[in-house]
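For the sequence shown, our numbering begins at 166 and goes up steadily by one.
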Amino acid sequence: MARRKPGSNPQISTLIDDDEWKRVIADDQNPEWHYDYVQGRIADVEERLHYRLLWQRIGRLWLFAGNLILLVLAILANFTPIAAAANISKSGMRLAPYLYTIFFGSTILASVLTYRQYKRTRELQFALKRLALIRRRKLAEKAETAANVDGDPALSHQKRYRDDAPDIISQYREEANRNRRIHNRLQVVIIGGSVTASTVTTASVSYSVTRWYAVGVTAAVGLAAGFAGYFKFHERSSSAQQTADSIEREYEAVELRVGRYRGLNEKDAYSSFAECVEKLRDEQNKRQQQLDQPSDIKREE
166 MARRKPGSNP QISTLIDDDE WKRVIADDQN PEWHYDYVQG RIADVEERLH YRLLWQRIGR
226 LWLFAGNLIL LVLAILANFT PIAAAANISK SGMRLAPYLY TIFFGSTILA SVLTYRQYKR
286 TRELQFALKR LALIRRRKLA EKAETAANVD GDPALSHQKR YRDDAPDIIS QYREEANRNR
346 RIHNRLQVVI IGGSVTASTV TTASVSYSVT RWYAVGVTAA VGLAAGFAGY FKFHERSSSA
406 QQTADSIERE YEAVELRVGR YRGLNEKDAY SSFAECVEKL RDEQNKRQQQ LDQPSDIKRE
466 E
């Protein structure tokens, strides 16, 4: 990959390059990698990642929803009276073959473009992880410097734990968002499939071939409902989001010295913060274990 030229604007690709990464790790005292500079690079990557994710969602919408509409139109062109009149020439050529051709071409094109967007998104996510590691090293250096001044190693570790809190919050929120997306997709299948199944079943009175579509849609609805009930994605999302919000409140409270941290000195405040966050994480693990247990076991308990 191309290296950054002197005086040019920093590019995200330089952090993906292994040689550049080794140079940063070996010489992280370089003023170029000041903590504020790293924070600026992280903000730049997050902004680019936001637009990449947006285009990735658009590509997935095209790949699944758009091509599904084309497939439905092609199928209807074979079995509806409207399609019988849709001859584009006197030779009797029908519209369905063209719709199938467009469907297959659109599926291939959407798959290729979506995969490219996925690779670019992963590159930015990888760069963001490396920047987070550099930021963590800078915070550790600041904590060690403060420990050398204060002469209290435990306090330096507690400060470092406080500095790692945003990463912990981000992990729980990513987990919550992932489970929420799965839950919402399953609900779309259940609700949309239920309506579609009733419609197709009604249409099967006049067109017997649609009975198989009704069977397929009904099976999809049943599977989606079963997955949603067994894996409890909604409950998992709510639990992870609740933990993330609680840790964020504690993080802001210890910074502002409000709530339980009011009037405490620095050592007692950070010690209480670490204890509270560990308690919240332990409660989250216990809720996760309860969700992993089958329903019959929980009833016996």
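Think of the CB as a built atom: it goes at the ideal place given N, C-alpha and C, for glycine as much as any other residue.
_In the DSSP assignment, the alpha helix (DSSP H) including Q458 goes from what residue to what residue?_
Position 293 of the sequence shown holds residue 458. If you look at Q458, you'll find it isn't in any alpha helix (DSSP H); DSSP assigns it neither H nor E.
Worksheet item: With DSSP run on the structure shown, which of helix, strand or coil describes Y416?
Response: Position 251 of the sequence shown, counted from the start, is the residue given in the question as residue 416. In the structure shown, Y416 sits in a helix (DSSP, three-state: H, G or I).
Item to complete: Could you spell out the range, first to last residue, of the alpha helix (DSSP H) harbouring S335?
Response: Counting from 1 along the sequence shown, the entry for residue 335 is found at position 170. That run of the alpha helix (DSSP H) goes P318 to A368.
Does the structure place the region 285-292 close enough to the region 208-226 that three or more beta carbon pairs sit under 8 Å?
Output reads yes: the region 285-292 touches the region 208-226.
Contacting residues, own chain, Cβ-Cβ under 8 Å from A439 (five flanking each side not counted) | Taking the first residue of the sequence shown as 1, we reach residue 439 at position 274. Closer than 8 Å at Cβ, skipping near neighbours: Q323, Y326 and R327.
Open item on the list: So, at 8 Å on beta carbons, what are the nonlocal neighbours of P331 in its own chain, with the 5 sequence-adjacent residues on each side left out?
Closed with: Walking along the sequence shown from the start, residue 331 turns up at place 166. These residues qualify, in order along the chain: Y416.
**Prompt:** From V353 to S359, what does the alpha carbon distance come to, in whole angstroms?
**Reply:** The sequence position of residue 353 within the sequence shown is 188, counting from 1. The sequence position of residue 359 within the sequence shown is 194, counting from 1. About 10 Å.
| field | Rounded C-alpha distance that separates Q119 from R346 | value | Lying outside 166 to 466, the shown extent of the chain, residue 119 is not represented and no answer is given.
Item to complete: Taking the CB atoms as reference points, tell me whether L241 and F268 lie closer together than 9 Å.
Response: What you label residue 241 is simply residue 76 of the sequence shown in a count that begins at 1. What you label residue 268 is simply residue 103 of the sequence shown in a count that begins at 1. Contact: no.
- Query: Which one of Y200, R425, Q336 and E448 has the shortest CA to CA distance from E306?
  - Reply: Here the question's residue 306 lines up with position 141 in the sequence shown. Nearest of Y200, R425, Q336 and E448 to E306, Cα basis: Y200.
Where V380 sits in the DSSP three-state scheme:
For the purposes of this step, residue 380 is identified with residue 215 of the sequence shown, where counting begins at 1. In the three-state scheme derived from DSSP, where H, G and I count as helix and E and B as strand, V380 is classed as helix.
Go ahead and label N344 buried or exposed: buried means 16 or more other beta carbons lie within 10 angstroms of its beta carbon, across all protein chains shown. One-based indexing of the sequence shown puts residue 344 at position 179. The residue is buried, with at least 16 neighbouring Cβ atoms inside 10 Å.
- Message: According to DSSP, simplified to helix, strand and coil, what is K284?
- Response: The count along the sequence shown starts at 1 and reaches residue 284 at position 119. For K284, the secondary structure class from DSSP, reduced to helix, strand or coil, is helix.
Margin query: Let's test the definition: count the other Cβ atoms within 10 Å of the Cβ of Q449 and tell me whether it reaches 16, buried, or not, exposed.
Written below: Sequence index remark: in the sequence shown, residue 449 carries index 284 (1-based). With 16 or more other Cβ atoms within 10 Å, it is buried.
Report task. Could you check if A167 is buried or exposed, using at least 16 other CB atoms within 10 Å of its CB as the buried criterion? Result -> For the purposes of this step, residue 167 is identified with residue 2 of the sequence shown, where counting begins at 1. Bear in mind that a pLDDT of 40 at A167, under 50, signals an unreliable position, so the model cannot answer this.
Close Cβ partners of P171 (< 7 Å) along its chain, the five nearest in sequence each way excluded:
As a position in the sequence shown, residue 171 is number 6, starting the count at 1. Its pLDDT being 41, under 50, P171 is placed unreliably in this model, and the value from its coordinates should be taken loosely. Around P171, the same chain offers no residue with a beta carbon nearer than 7 Å, after the five sequence neighbours per side are excluded.
Could you have a look at V423 and say whether DSSP puts it in helix, strand or coil? Stepping through the sequence shown from its first residue, residue 423 is reached at position 258. Coil, per DSSP.
Rounded separation between L474 and G394 - CA only
No answer is possible for residue 474: the residues shown for the chain start at 166 and end at 466.
So, does the region 368-385 touch the region 395-404, judging by three or more C-beta pairs under 8 Å?
With the cut-off at 8 Å, the region 368-385 and the region 395-404 do not touch.
#### Entry: Residue range of the alpha helix (DSSP H) that includes A208
Numbered from 1 along the sequence shown, position 43 holds the residue referred to as residue 208. That run of the alpha helix (DSSP H) goes Y200 to L226.
Practice prompt. Return helix, strand or coil for G231, following the three-state DSSP convention.
Written response: Translated into the one-based positions of the sequence shown, residue 231 becomes position 66. Residue state for G231 is assigned as helix, using DSSP reduced to three classes.
Take the Cβ of R414 as the centre, count every other Cβ of all protein chains shown within 10 Å, and call the residue buried at 16 or more, exposed below. In the sequence shown, counting from the first residue as 1, residue 414 sits at position 249. By the neighbour-count rule (16 or more Cβ atoms within 10 Å), R414 is not buried but exposed.
Is Y372 helix, strand or coil by DSSP? The residue given as residue 372 occupies position 207 in the sequence shown. Secondary structure of Y372 (DSSP, three-state): coil.
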